[in-house]
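The block underneath contains the structure these notes are about, expressed in structure tokens.
There are 2 protein chains.
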Amino acid sequence: MSVAVENFIKAIYKNDKQENDTSTGNIAKKLGISNAAVTDMAKKLASRDLLFYEKYQSLELTEKGSKMALNVVRKHRLWEALLYKLFDMSLHEIHREAELLEHQTSDFLANKISSYLGNPKFDPHGDPIPNEHGDITTDDNSIPLSKTQAGKSYIISRLMSDDKEFFDFCALHGLKYGNRIMVTNQFQNNKMTQISINYNTILLNEDFTNIIYVNEIN
Amino acid sequence: MSVAVENFIKAIYKNDKQENDTSTGNIAKKLGISNAAVTDMAKKLASRDLLFYEKYQSLELTEKGSKMALNVVRKHRLWEALLYKLFDMSLHEIHREAELLEHQTSDFLANKISSYLGNPKFDPHGDPIPNEHGDITTDDNSIPLSKTQAGKSYIISRLMSDDKEFFDFCALHGLKYGNRIMVTNQFQNNKMTQISINYNTILLNEDFTNIIYVNEIN
DNA sequence: ATAATTTTTTAAGCTAACTTAAATTTTATT
DNA sequence: AATAAAATTTAAGTTAGCTTAAAAAATTAT
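In order, the protein sequences belong to chains W and B. Start counting at 1 in the first sequence, then tack on 128, and there's your number in my numbering. Start counting at 1 in the second sequence, then tack on 128, and there's your number in my numbering.
What follows is the structure in structure tokens.
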């Protein structure tokens, strides 16, 4: 399968998981290509049974398409986990490299990486790593920081972003997968969240508290 | 630079190092594409200052082209070294994977891999790994097994091949980079070489003794 | 409900990297 | 040296993956 097809399928998969507006325009924006190119590709992939396509309707992956997306996502996240473990690289850097490597990785090599890492279920962002059959572990107890309560302690379970600025901010303040924080205050109907981490207090706004997920410590 | 261009440049570089017949036909055969495609590409790359091209003449890389080839070769061999170290993979398997990964590796990541491995000068085949400036270490004492003398001991310094059968044979008999062997006999003007390794005696013909390089132990 | 706006599709065209077939040049043979 | 054979180039054509511009459909606003 070509890089273009894999990225196309992946974009639909990821979009679907989050926003639920899998319109051609939206996918075009994500991929940085024209709407016309998306329509074209959608038709081709529909004929290959990778997605359902009806004129003017939003795109949806078939079972086969989903499997393919999960396979690419698996490789992406395994690479992130490997690079993070071996080298001194930031969350943004591992993402950038994985974005390319994911398309040039045999299933054989993916399994080697996975087994070397002890078949991890999550990558360094806290994103779940599908297994080789496409099964994915969901952490149902995970909630965004914006939904937490003042006075409670949590473990960071996911940093859901691709953005360098965000990752730089996280690295600077120790906001890292697995780290412990305490929510000290919620302001303005949870639009602002004050947390304590490593003996420091920081104030986060919605933009960040919606993409930082945590698990309550009990 | 595209994968096609990188592979093209690399093929010329490698061909030049060995056979010295860098004709369009030869490159076409190596790359598995038509002669016409090679002529086409040669013209394009000449206009990009990556190689010298004169109708009906053999191809030659410019300084810029050589640098590019060395950069790809560097990434290839670093990947081989990393995969070999981390995972239980054969020489043929690491080559196969590196063949794809080499084109999707930033200089930044290549340097990370290199430094993780302690900036090795040779990969698991004994092939030299260029440094980030394109400098390459040549082992001048290295000679093919076909040029060795009966009764002397040697260290295997290079297995110069891409061939699975050959690598399988080597793995089976312990013919591995860094391993010690003793040449017990040379027959028929060095067309057949008998060696002793791991208390076993094996007989090798020219096909193999020309691509297995060794260093004399003194 | 109709008009205005936005989104999506269609149509036509481009480029990289190939192909095959024919023409040309080089190399080998006698 | 002439000719046959082999290698190389030229010419024309293909496909994937894009583009822009226009036409058509869907959505939104009044």
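Built from N, CA and C at the ideal position, the CB exists for glycine as well. Model, not experiment: these values are computed from the prediction.
In chain order, what residues of the same chain lie with their CB nearer than 6 Å to the CB of asparagine 269 of chain W, ignoring the 5 residues before and after it?
-> Setting aside the 5 residues that flank it on each side, asparagine 269 of chain W is surrounded in the same chain by Asn343, each with a C-beta closer than 6 Å to its C-beta; the list follows chain order.
Closest by CA to tyrosine 212 of chain B, which one among B/Ile323, B/Thr329, B/Lys304, B/Thr337?
-> Comparing Cα-Cα distances from tyrosine 212 of chain B to each of B/Ile323, B/Thr329, B/Lys304, B/Thr337, the minimum goes to B/Lys304.
Under the three-state DSSP convention, the category glutamine 316 of chain B falls into | In the structure shown, glutamine 316 of chain B falls within a coil segment according to DSSP collapsed to helix, strand and coil.
Take the Cβ of arginine 202 of chain B as the centre, count every other Cβ of all protein chains shown within 10 Å, and call the residue buried at 16 or more, exposed below.
-> It is buried - the Cβ of arginine 202 of chain B has at least 16 other Cβ atoms within 10 Å.
What three-state label does DSSP hand threonine 331 of chain B in the structure shown?
-> The residue asked about is misnamed: residue 331 of chain B is leucine in this sequence, not threonine. Three-state DSSP puts leucine 331 of chain B in a strand.
Could you give the DSSP three-state label for phenylalanine 169 of chain W: helix, strand or coil?
-> Rather than phenylalanine, the amino acid found at residue 169 of chain W in this sequence is methionine. If DSSP states are grouped into helix, strand and coil, methionine 169 of chain W belongs with the helices.
N-terminal and C-terminal residue of the alpha helix (DSSP H) that leucine 300 of chain W is part of | Start and end: 292–301.
Along the chain, where does the alpha helix (DSSP H) that runs through leucine 198 of chain W open and close?
-> Taken as a continuous stretch (DSSP letters only), the alpha helix (DSSP H) holding leucine 198 of chain W covers 191–214.
Is arginine 176 of chain B helix, strand or coil by DSSP?
-> Under the three-state reduction of DSSP output, arginine 176 of chain B falls in the coil class, being neither helix nor strand.
Please compile the residues from chain B whose C-beta is within a distance smaller than 7 Å of the C-beta of glutamate 225 of chain W.
-> In chain order: Ser234, Leu237.
For tyrosine 184 of chain B, does the count of other Cβ atoms within 10 angstroms reach 16, so buried, or fall short, so exposed?
-> The residue in question, tyrosine 184 of chain B, is exposed, as its Cβ has fewer than 16 Cβ neighbours within 10 Å.
Mind checking alanine 164 of chain B: buried by the 16 CB within 10 Å criterion, or exposed?
-> Exposed: under 16 other Cβ atoms inside 10 Å.
Anyone know if the C-beta pair for leucine 206 of chain B and alanine 156 of chain B falls short of 7 Å?
-> No, these two residues do not count as a Cβ contact at 7 Å.
Glutamate 225 of chain W, enclosing alpha helix (DSSP H) - first and last residue = Membership of glutamate 225 of chain W in the alpha helix (DSSP H) is indicated by the continuous run 219–229.
Could you name the residues that DSSP lists as bridge partners for tyrosine 341 of chain B?
-> For tyrosine 341 of chain B, which the question treats as bridged, DSSP gives the partners B/Pro272, B/Arg286.
Coarse secondary structure for threonine 321 of chain B, derived from DSSP in three states | If DSSP states are grouped into helix, strand and coil, threonine 321 of chain B belongs with the strands.
As assigned by DSSP and simplified to three states, the class of glutamate 134 of chain W | Under the three-state reduction of DSSP output, glutamate 134 of chain W falls in the helix class.
If you check the beta carbons only, do serine 289 of chain B and isoleucine 339 of chain B fall under 7 Å apart?
-> One thing to note: serine 289 of chain B has its Cβ within 7 Å of the Cβ of isoleucine 339 of chain B.
Closest by CA to aspartate 335 of chain B, which one among B/Lys138, B/Ser151, B/Asn148, B/Lys275?
-> Among B/Lys138, B/Ser151, B/Asn148, B/Lys275, the Cα nearest to that of aspartate 335 of chain B belongs to B/Lys275.
Under 7 Å between the Cβ atoms of isoleucine 309 of chain B and tyrosine 282 of chain B?
-> In contact: isoleucine 309 of chain B and tyrosine 282 of chain B (Cβ atoms closer than 7 Å).
Let me know the secondary structure DSSP gives serine 243 of chain B once reduced to three states.
-> Secondary structure of serine 243 of chain B (DSSP, three-state): helix.
What are the boundary residues of the alpha helix (DSSP H) that includes asparagine 259 of chain W?
-> Membership of asparagine 259 of chain W in any alpha helix (DSSP H) is not indicated, and neither H nor E is assigned to it by DSSP.
Proximal residues of chain W, C-beta to C-beta of leucine 229 of chain B below 7 Å = Chain W residues near leucine 229 of chain B: Leu229, Gln232.
Going by alpha carbons, who is nearest to aspartate 255 of chain W out of W/Leu179, W/Ser285, W/Thr190?
-> The shortest Cα separation from aspartate 255 of chain W among W/Leu179, W/Ser285, W/Thr190 belongs to W/Ser285.
Mind listing the chain B neighbours of leucine 219 of chain W? Cutoff is C-beta to C-beta under 8 Å, in chain order.
-> Residues of chain B passing the Cβ test: none, with the nearest at roughly 15 Å.
Leucine 187 of chain W and isoleucine 140 of chain W closer than 7 Å at C-beta | Yes, these two residues count as a Cβ contact at 7 Å.
Would you list the one or two residues that DSSP bridges to isoleucine 309 of chain W?
-> Under DSSP, isoleucine 309 of chain W takes part in a beta bridge, and its partners are W/Tyr282.
Can you give me, in chain order, the residues of the region 243–261 of chain B that have a beta carbon less than 7 Å from any beta carbon in chain W?
-> Residues of the region 243–261 of chain B whose Cβ lies closer than 7 Å to any Cβ of chain W, in chain order: Tyr244.
Does the beta carbon of leucine 214 of chain B sit closer than 7 Å to a beta carbon anywhere in chain W?
-> At a cut-off of 7 Å between beta-carbon atoms, leucine 214 of chain B makes contact with chain W.
Answer yes or no: does any C-beta atom of chain W fall closer than 7 Å to that of lysine 203 of chain B?
-> Judged by the 7 Å Cβ criterion, lysine 203 of chain B is not in contact with chain W.
Step through the CB atoms of chain W and report whether any lies within less than 7 Å of the CB of lysine 183 of chain B.
-> Chain W contact via Cβ: absent.
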